[in-house]
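Asker: The structure is given below, and queries will be raised subsequently.
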Amino acid sequence: MTEAAALPGQPRGGVLSGPATDRTINVLAPNPSAMTLDGTNTWIVAEPDSDLAVVIDPGPLDDDHLRQVIGIAEQAGKRIALTLLTHGHPDHAEGASRFAQLTRTKVRALDPALRLGDEGLGAGDVITTGGLELRVVPTPGHTEDSLSFHLPADQAVLTGDTILGRGTTVVAHPDGRLGDYLDSLRRLRSLTVDDGVHTVLPGHGPVLEDAQGAVDFYLAHRAHRLAQVETAVENGHRTPSDVVAHVYADVDRSLWPAAELSVRAQLEYLREHGLI
Numbered sequence: 000m001t002e003a004a005a006l007p008g009q010p011r012g013g014v015l016s017g018p019a020t021d022r023t024i025n026v027l028a029p030n031p032s033a034m035t036l037d038g039t040n041t042w043i044v045a046e047p048d049s050d051l052a053v054v055i056d057p058g059p060l061d062d063d064h065l066r067q068v069i070g071i072a073e074q075a076g077k078r079i080a081l082t083l084l085t086h087g088h089p090d091h092a093e094g095a096s097r098f099a100q101l102t103r104t105k106v107r108a109l110d111p112a113l114r115l116g117d118e119g120l121g122a123g124d125v126i127t128t129g130g131l132e133l134r135v136v137p138t139p140g141h142t143e144d145s146l147s148f149h150l151p152a153d154q155a156v157l158t159g160d161t162i163l164g165r166g167t168t169v170v171a172h173p174d175g176r177l178g179d180y181l182d183s184l185r186r187l188r189s190l191t192v193d194d195g196v197h198t199v200l201p202g203h204g205p206v207l208e209d210a211q212g213a214v215d216f217y218l219a220h221r222a223h224r225l226a227q228v229e230t231a232v233e234n235g236h237r238t239p240s241d242v243v244a245h246v247y248a249d250v251d252r253s254l255w256p257a258a259e260l261s262v263r264a265q266l267e268y269l270r271e272h273g274l275i
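Here is the structure:
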């Protein structure tokens, strides 16, 4: 879920659908929009020599797309054995129940309401299906239940909506919180420094091949927007809608409702820290 189109200075990448790394294939869902960019990226993840695969974010409830994901996995010699969710927004998770029915798999997620089966997901969990090592990284902020998945063998991280392949993401207030989001970005940056992660496999948009650059861009963008919001309030723009009109004047108006969610999160953050 994006709040803006591509912005100057953001690292760019390639691959919208198809193989992305040695262990991942992207299947692009047919739900493009201003909020979902080219559509939702559904990820098939598997060890090259395994016949078992994990699917991350089946996407919207679109039977053709769900069956296409299964077909592409089968063409690669894989049987889907597990479904994972980065978070519960419908463009990522609405099709999970139907997908689980088609594949006879369990669905694991942080939010118990989204799970099918007894197991959830949390910090420190490692998915080992088919010999994978897929580490669960809590990244709240976009939503409270947002997760990322670290794939060490490919030096990659699947980020859901926490980092997008183009533009910036919404801090979806009140579920999303800016303080949590900034902490999550710093957590992802530590993966680029301490664990050698260099590839971002996002929930929307193209793959990014400079993970550290992407995180640094996001942190700088958030700091810039926060300073703009603080200045706008000091200049008398008190309501979220007034702040959006002032700060996001360069953004397509169709995205202002999403921008207002982020502004509400920014205002809450500034109040909590005694800055307004």
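Each residue of the sequence shown is one higher than the last, beginning at 0 in numbering that gives the first Met the number 0.
In this text, a Cβ means the ideal position worked out from N, Cα and C, and glycines have one as well.
Everything numeric in this text was worked out from a predicted model, so none of it was measured.
If the criterion is Cβ atoms closer than 8 Å, does the pair Val44 and Ala80 meet it?
Answerer: Residue numbering aside, residue 44 sits at position 45 when the sequence shown is read from its first letter. Residue numbering aside, residue 80 sits at position 81 when the sequence shown is read from its first letter. Taking 8 Å as the Cβ cut-off, Val44 and Ala80 do not qualify as a contacting pair.
Asker: What residue does the beta strand (DSSP E) around Pro89 start on, and which one ends it?
Answerer: For the purposes of this step, residue 89 is identified with residue 90 of the sequence shown, where counting begins at 1. Careful: Pro89 lies outside any beta strand (DSSP E), inside the alpha helix (DSSP H) at 89 to 92.
Asker: Nearest to Leu177 by CA position, among Thr161, Val192, Glu46, Gly13, is which residue?
Answerer: As a working note, residue 177 is residue 178 in the sequence shown. Comparing Cα-Cα distances from Leu177 to each of Thr161, Val192, Glu46, Gly13, the minimum goes to Thr161.
Asker: Could you compute how far the alpha carbon of Gly94 sits from the alpha carbon of Thr20?
Answerer: As a first step, residue 94 must be located in the sequence shown, where it is residue number 95. As a first step, residue 20 must be located in the sequence shown, where it is residue number 21. For Gly94 and Thr20, the distance between alpha carbons rounds to 24 Å.
Asker: If we ignore side chains and look at the alpha-carbon of each, how far apart do Ala112 and Val192 end up?
Answerer: Mapped onto the sequence shown, residue 112 falls at position 113. Mapped onto the sequence shown, residue 192 falls at position 193. About 34 Å.
Asker: Pro256 by DSSP, collapsed to three states: which one?
Answerer: Taking the first residue of the sequence shown as position 1, residue 256 is located at position 257. DSSP, read as helix, strand or coil, puts Pro256 in helix.
Asker: Tell me whether Gly166 sits in a helix, a strand or coil according to DSSP, three-state version.
Answerer: The residue you call residue 166 lines up with position 167 of the sequence shown. Collapsing the DSSP output to three states places Gly166 in coil.
Asker: Can you tell me which of the three DSSP states Gly159 falls into?
Answerer: Taking the first residue of the sequence shown as 1, we reach residue 159 at position 160. Strand, per DSSP.
Asker: Let me make sure I understand the geometry here. Which of Ser183, Leu218, Arg252 has the alpha-carbon closest to that of Asp144?
Answerer: For the purposes of this step, residue 144 is identified with residue 145 of the sequence shown, where counting begins at 1. Ranking the options by Cα distance to Asp144, first place goes to Ser183.
Asker: Just list the residues that DSSP pairs Gly17 with in beta bridges.
Answerer: Along the sequence shown, read from residue 1 onward, the residue named residue 17 stands at position 18. Its beta-bridge partners are Asn25.
Asker: Please list the terminal residues of the continuous beta strand (DSSP E) segment that includes Val250.
Answerer: For this step, residue 250 is matched to residue 251 along the sequence shown. Annotation for Val250: no beta strand (DSSP E) segment contains it, and DSSP assigns it neither H nor E.
Asker: Roughly how many whole angstroms lie between the Cα atoms of Val68 and Ile275?
Answerer: The residue given as residue 68 occupies position 69 in the sequence shown. The residue given as residue 275 occupies position 276 in the sequence shown. About 48 Å.
Asker: Strictly by DSSP, which residues pair up with Phe148?
Answerer: The residue given as residue 148 occupies position 149 in the sequence shown. Bridge partners of Phe148: Val135, Leu157.
Asker: When DSSP labels each residue in this structure, what does Ala45 get in the three-state scheme?
Answerer: As a working note, residue 45 is residue 46 in the sequence shown. Ala45 falls in the coil class under three-state DSSP.
Asker: Considering only their Cβ atoms, is the gap separating Phe98 from Thr82 smaller than 8 Å?
Answerer: Translated into the one-based positions of the sequence shown, residue 82 becomes position 83. Translated into the one-based positions of the sequence shown, residue 98 becomes position 99. Yes, they are a contact pair.
Asker: Using the Cα positions of Thr39 and Glu233, report the straight-line distance between them to the nearest angstrom.
Answerer: Indexing the sequence shown from 1 puts residue 39 at position 40. Indexing the sequence shown from 1 puts residue 233 at position 234. One C-alpha to the other measures close to 38 Å.
Asker: How many angstroms separate the CA atom of Ile55 from the CA atom of Thr158?
Answerer: Here residue 55 corresponds to residue number 56 of the sequence shown, with the count starting at 1. Here residue 158 corresponds to residue number 159 of the sequence shown, with the count starting at 1. Using only the alpha carbons, I get a separation of about 10 Å.
Asker: In angstroms, rounded to a whole number, what distance separates the CA positions of Pro139 and Leu146?
Answerer: Residue 139 sits at position 140 when you count from the first residue of the sequence shown. Residue 146 sits at position 147 when you count from the first residue of the sequence shown. Distance between the alpha carbons of Pro139 and Leu146 is about 7 Å.
Asker: For Ala258, which residues of its own chain have a beta-carbon under 7 Å away from its beta-carbon, when the five flanking residues on both sides are left out?
Answerer: For the purposes of this step, residue 258 is taken as the residue at position 259 of the sequence shown. So the qualifying residues of the chain are Glu2, Val243, Tyr247, Val250.
Asker: Does DSSP put Pro173 in a helix, in a strand, or in coil?
Answerer: Locating residue 173 in the sequence shown gives position 174, where the first residue counts as 1. Reduced to three states, the DSSP call for Pro173 is coil.
Asker: On the criterion of 16 or more Cβ atoms from any shown chain inside 10 Å, does Pro283 qualify as buried, or is it exposed?
Answerer: Residue 283 falls outside the range modelled here, since the chain spans only 0 to 275, and no answer is possible.
Asker: Following the continuous beta strand (DSSP E) through Leu51, name the residue where it begins and the one where it ends.
Answerer: The residue labelled residue 51 in the question sits at position 52 within the sequence shown. Element bounds for Leu51: 51 to 55.
Asker: Can you give the Cα-Cα distance for Gly58 and Ala92, rounded to whole angstroms?
Answerer: The residue you call residue 58 lines up with position 59 of the sequence shown. The residue you call residue 92 lines up with position 93 of the sequence shown. Computed Cα separation, rounded: 5 Å.
Asker: Val196 lies in the alpha helix (DSSP H); which residues open and close that run?
Answerer: Position 197 of the sequence shown holds residue 196. Premise fails: Val196 is in no alpha helix (DSSP H) and is neither H nor E.
Asker: Please report the residue range of the beta strand (DSSP E) in which Arg224 lies.
Answerer: For the purposes of this step, residue 224 is taken as residue 225 along the sequence shown, with counting starting at 1. That residue, Arg224, is in no beta strand (DSSP E); its alpha helix (DSSP H) goes 210 to 233.
Asker: Contact check, Val125 vs Leu260 under 8 Å by CB: the rounded distance?
Answerer: Here residue 125 refers to the residue found at position 126 of the sequence shown. Here residue 260 refers to the residue found at position 261 of the sequence shown. Not a contact, Cβ separation roughly 33 Å.
Asker: Note down the Cα distance separating Thr23 from Thr41, rounded to an integer number of angstroms.
Answerer: Indexing the sequence shown from 1 puts residue 23 at position 24. Indexing the sequence shown from 1 puts residue 41 at position 42. About 10 Å.
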